[in-house]
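As structure tokens, the structure follows; a few thoughts come after it.
In my numbering, the protein residues as written are 6 to 373.
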């Protein structure tokens with residue numbers, strides 16, 4: 006068993022949501038500086054102590070779009086201020102003085118309330134980088150893509166998933182399955198921040214390319230408010246490589262893994278470089294030179310992994326192994342049709358002053 010310290014440096018805003026997803030306006034309140042996630046038990050207890058439960062129920066029933074903030078405003082300062090004190094689980098600073106209509110918090114530890122990056126998310130991103138490398142070398146790539154475009158695969162990615170699996174003997178031949186996955190040997194703990202107050206609330210929006218040059222806000226111009234980890238934050242985790250698991254799979258299958266696991270950082274850097282190049286190409290088309298410069302800086306700092314919400318189809322799939330024509334065919338087969346020839350043509354971005362300012366999810370990982 007080999008054990009390493011894993012240091013994760015955040016290069017652009019990162020968001021990983023929790024199981025609740027987007028919160029309703031009855032689950033948080035806010036002021037100009039911060040958002041406060043409500044402790045429902047503490048809120049109910051204080052509301053009962055001031056004999057305000059009936060008022061609250063009537064307010065919720067009466068309003069079409071009720072929110073804690075509007076309810077507190079209606080109480081007046083003398084009654085609202087006690088409800089704002091000691092009734093929240095977490096205070097999250099706003100990156101800008103925005104007024105939120107919705108909110109998606111970052112996943113946090115239920116005991117410490119501290120944001121963290123799940124080990125499963127890290128392992129999934131590493132798996133994606135390895136699959137990207139193996140798919141590029143696979144002799145079966147063209148056949149798998151062809152069957153996927155003809156909708157002859159229930160799960161189009163399964164043919165590539167098998168590149169990371171040993172072939173184990175069964176009664177009727179051999180079979181590759183999740184149980185024979187070589188990455189069972191990789192164990193990663195959850196990663197916790199080395200900095201305090203490492204998150205903030207930012208606005209995120211979807212941009213889509215115009216048919217000519219430039220961009221427009223897509224997704225019906227929706228504004229999303231998310232808790233992100235700030236660039237410059239560092240996380241720490243532990244990574245273990247279990248050689249014994251590999252030995253068992255090798256003995257059962259007679260095969261060896263088609264990659265060197267210790268080189269996954271290098272493979273991640275190669276994939277990141279290709280994704281960054283394609284992203285810069287799109288943002289140049291959009292006329293967003295500031296984001297192109299940001300991506301140049303991210304590349305120069307050695308980005309080798311991208312994860313979390315808003316990282317896009319190019320990052321989470323093998324689409325970069327497809328030609329532009331094959332990507333368009335993929336869109337017409339599995340997605341709604343668009344007039345723009347580029348696919349994918351949309352990206353999620355973090356805004357500043359209402360304008361696109363940064364991309365999401367870029368990290369640099371180092372082992373020691």
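Quick reminder that beta carbons are idealized off the backbone N, C-alpha and C, glycines included.
Original post:
Taking residue 4 as the reference, which of 289, 361, 225, 267 has the closest Cα?
Top reply: For residue 4 there is no data in the structure shown, the boundaries of the chain being 6 and 373.
Original post:
Is residue 186 helix, strand or coil when you go by DSSP?
Top reply: For the purposes of this step, residue 186 is taken as residue 181 along the chain shown, with counting starting at 1. Residue 186 falls in the strand class under three-state DSSP.
Original post:
Per the contact definition of three or more C-beta pairs closer than 8 Å, is the stretch 200-212 in contact with the stretch 272-280?
Top reply: no
**OP:** Kindly provide the ranges of any alpha helix (DSSP H) runs that are 4 or more residues long and lie completely inside the stretch 255-317, ordered along the chain.
**Re:** 269-291, 294-305
**OP:** Check whether the stretch 120-131 touches the stretch 238-245, taking contact to mean three or more Cβ pairs, one atom from each stretch, closer than 8 Å.
**Re:** yes
Original post:
Taking the alpha-carbon positions, what's the residue 264 to residue 187 distance?
Top reply: The residue labelled residue 264 in the question sits at position 259 within the chain shown. The residue labelled residue 187 in the question sits at position 182 within the chain shown. Distance between the alpha carbons of residue 264 and residue 187: 10 Å.
Subject >> Own chain, CB closer than 6 Å to residue 192, minus 5 neighbours either side, in chain order >> reply: Walking along the chain shown from the start, residue 192 turns up at place 187. Closer than 6 Å at the Cβ level, and outside the excluded window around residue 192, lie 245.
Original post:
Which residue or residues does DSSP assign as beta-bridge partners of residue 346?
Top reply: On the chain shown, position 341 is the one that residue 346 refers to. Answer is none; residue 346 lacks a bridge partner.
Original post:
Excluding the five sequence neighbours on either side, which residues of its own chain have a C-beta within less than 6 Å of the C-beta of residue 98, listed in chain order?
Top reply: Counting from one through the chain shown, the residue named residue 98 turns up at place 93. 39, 205.
**OP:** Starting from residue 361, trace the beta strand (DSSP E) both ways and give me its first and last residue.
**Re:** The sequence position of residue 361 within the chain shown is 356, counting from 1. From DSSP, the beta strand (DSSP E) with residue 361 extends over 360-363.
Original post:
With distances taken between CB atoms, is the gap from residue 207 to residue 102 smaller than 8 Å?
Top reply: The residue given as residue 207 occupies position 202 in the chain shown. The residue given as residue 102 occupies position 97 in the chain shown. No; because the gap between Cβ atoms is not below 8 Å, this pair is not in contact.
**OP:** Go to residue 135, then tell me how far its alpha helix (DSSP H) extends in each direction, as first and last residue.
**Re:** Here residue 135 refers to the residue found at position 130 when the chain shown is read from its first residue. 124-142 is the extent of the alpha helix (DSSP H) around residue 135.
**OP:** Using alpha carbons as the reference points, say which of 196, 312, 324, 236 lies closest to residue 10.
**Re:** Here residue 10 is taken as the residue at index 5 of the chain shown, counted from 1. Taking only the C-alpha atoms, the option nearest residue 10 is 196.
Original post:
Can the beta-carbon of residue 281 be found less than 8 Å from the beta-carbon of residue 308?
Top reply: Mapped onto the chain shown, residue 281 falls at position 276. Mapped onto the chain shown, residue 308 falls at position 303. Yes. Within cutoff.
**OP:** Run the CB neighbour count on residue 363, radius 10 Å, all protein chains shown included, and call it buried at 16 or more, exposed below.
**Re:** Position 358 of the chain shown, counted from the start, is the residue given in the question as residue 363. By the Cβ-count criterion, residue 363 is buried, with 16 or more other Cβ atoms from all chains shown falling within 10 Å of its own Cβ.
Subject >> For residue 69 and residue 43, the rounded distance between their alpha carbons >> reply: Residue numbering aside, residue 43 sits at position 38 when the chain shown is read from its first letter. Residue numbering aside, residue 69 sits at position 64 when the chain shown is read from its first letter. Going from the Cα of residue 43 to the Cα of residue 69 covers about 21 Å.
Original post:
Thinking just about the alpha-carbon of each residue, which of 114, 13, 7 is nearest to the one in residue 370?
Top reply: On the chain shown, residue 370 is found 365 positions in, with the first residue counted as 1. Ranking 114, 13, 7 by Cα distance to residue 370 puts 13 first.
Subject >> Beta-carbon proximity of residue 93 to residue 76, cut-off 8 Å >> reply: Position 88 of the chain shown, counted from the first residue, corresponds to residue 93. Position 71 of the chain shown, counted from the first residue, corresponds to residue 76. Taking a C-beta distance under 8 Å as the contact criterion, residue 93 and residue 76 do not qualify as a contact pair.
Original post:
If we ignore side chains and look at the alpha-carbon of each, how far apart do residue 328 and residue 67 end up?
Top reply: On the chain shown, residue 328 is found 323 positions in, with the first residue counted as 1. On the chain shown, residue 67 is found 62 positions in, with the first residue counted as 1. About 55 Å.
**OP:** Check whether the Cβ atoms of residue 296 and residue 367 sit closer than 8 Å, and answer yes or no.
**Re:** By one-based count along the chain shown, residue 296 stands at place 291. By one-based count along the chain shown, residue 367 stands at place 362. For residue 296 and residue 367, no; Cβs fall outside 8 Å.
**OP:** Indicate whether residue 310 and residue 284 have their beta-carbon atoms separated by less than 8 Å.
**Re:** Here residue 310 corresponds to residue number 305 of the chain shown, with the count starting at 1. Here residue 284 corresponds to residue number 279 of the chain shown, with the count starting at 1. Contact: no.
Subject >> Reduced DSSP secondary structure (H/G/I, E/B, other) of residue 22 >> reply: Translated into positions along the chain shown, residue 22 becomes position 17. Here residue 22 sits in strand by DSSP.
**OP:** Take residue 258 and list the residues in its own chain whose beta-carbon comes closer than 6 Å to its own, dropping the five residues that flank it on each side.
**Re:** Stepping through the chain shown from its first residue, residue 258 is reached at position 253. The residues are 171, 172, 173.
**OP:** State the CB to CB distance for the pair residue 211 and residue 353, rounded to an integer number of angstroms; the pair is presumed to be in contact (CB under 8 Å).
**Re:** As a first step, residue 211 is located in the chain shown; it is residue number 206 there, counting from the start. As a first step, residue 353 is located in the chain shown; it is residue number 348 there, counting from the start. Going by Cβ atoms, the distance from residue 211 to residue 353 rounds to 6 Å, so yes, they are a contact pair.
**OP:** May I have the straight-line CA-CA distance separating residue 347 from residue 231, to the nearest angstrom?
**Re:** Residue 347 sits at position 342 when you count from the first residue of the chain shown. Residue 231 sits at position 226 when you count from the first residue of the chain shown. Their backbone Cα atoms lie some 27 Å apart in a straight line.
Original post:
What residues in its chain sit with their C-beta under 6 Å from that of residue 209, if we drop five residues either side in the sequence?
Top reply: Working through the chain shown from its first residue, we reach residue 209 at position 204. Around residue 209: 229, 231, 353, 355.
**OP:** Identify whether residue 83 lies in helix, strand or coil by the three-state DSSP scheme.
**Re:** If you number the chain shown from 1, residue 83 lands on position 78. In the structure shown, residue 83 adopts helical secondary structure according to DSSP, grouped into three states.
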